[in-house]
Structure formats: structure tokens, C-alpha cells
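J.: Taking our numbering, the leading residue of the sequence shown gets 1075, the next gets one more, and so forth.
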Amino acid sequence: MEDHYKKVGRYLRALKNSSPGTELVLVTDVNNELCRPVFQRLFTCFEGLQKGWKEGCRKVICVDACFLKTFLGGQLLCAIGRDGNDQIYPIAWAAVEGENNRSWEWFFKLLQKCLDLEEGADLAIISDEHQAILNAVSKVLPLAEHRHCARHIF
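1) In whole angstroms, what separates the C-alpha of P1164 from that of R1110?
2) Going by other Cβ atoms of all chains shown within 10 Å of its Cβ, with 16 needed for buried, is F1117 buried or exposed?
3) Apply the 10 Å Cβ neighbour rule to E1192 and answer buried if 16 or more other Cβ atoms are within range, or exposed otherwise.
4) Hey, how far is the Cα of G1172 from the Cα of L1189?
5) Nearest to K1128 by CA position, among A1218, A1206, L1197, is which residue?
6) With DSSP as the reference, please indicate the residues paired to L1116 in a beta bridge.
7) Would you call the region 1135-1146 in contact with the region 1198-1206, where contact means no fewer than 3 C-beta pairs closer than 8 Å?
8) Report the option in N1209, N1106, K1081 whose CA atom is closest to the CA atom of L1100.
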């Protein structure tokens, strides 16, 4: 199990060197019985995706999560937009321990920083209305409109 995340630090340094404006945030837990850092969360938002969203996408962000079906588990949080050609545009993603208030709030704070969203004025968030997403949006982006995804209505 140790080998799963052994090279993450080196990988992140290589990404940062190739794209200096990329936002990469690694959170580890050092208060554990192993007495060494253990992977907890990783946020990724590439510089090119940040710039592309700001310059060419509608001010709409769709967010969702899915299970990571590996031995270690966790969930993948993602944010996507729509570009000028009405195509799906990836913005950011994070591997986290689970879909909860703490992880969504952390994700939205980093997204807010990367995209200069401030309090979310003139922004729409679309989600499955998971309670943790609702809580995080109201706390981090209080001026954003939050709408229910049509795929989750029925």
C-alpha cells in the first residue's frame, strides 16, 4: 500500500515545473500511527484550464463526485464548464477521503482562488444538490446561483 502514493511529491514538482501557474494542493495527515505523511487529498487545476475558463467559458460550473474504486477508496470531486462551442470543459478535480462538508468546502475555496470567483456574483453552480455541496456553496460562494442538475430530478 505504501507504493501507491510514494511518487506523488515528485510528480507534483514535475507538473509545477512544466506549468508554474498550475494550482496543486496536496494534503497529508501526519498525526497517524505510522509517524510519516499519509495521503489525504489532492487538488489539481492546470494554469491553461484556469485561463481558458476565464476567457472563453460561460460563468457556469457543474460539480459532482464519484467513487474511486480502488483498494484505498475515496472520491473524486470535479468541476466542469461549457466552452463557446458548447463542449464540456474540465476545470479542476480533487481526490479526497469522501464527499462531505469539509472536502467540498476545501474544494470550493481552492476553485474560488484559481478562478478569481470572489463571492460568486454572476456565477451559476449546477449540482446534484448533495447537502455537502449546498453547504459549501452557501458558505464559500454566497452570491452564486445554485441550480439542480436536470439529470438528477427524476
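Glycine included, every Cβ here is placed at the ideal spot set by N, Cα and C.
T.: This is what the structure holds:
1) 33 Å
2) buried
3) exposed
4) 24 Å
5) L1197
6) L1100, A1169
7) yes
8) K1081
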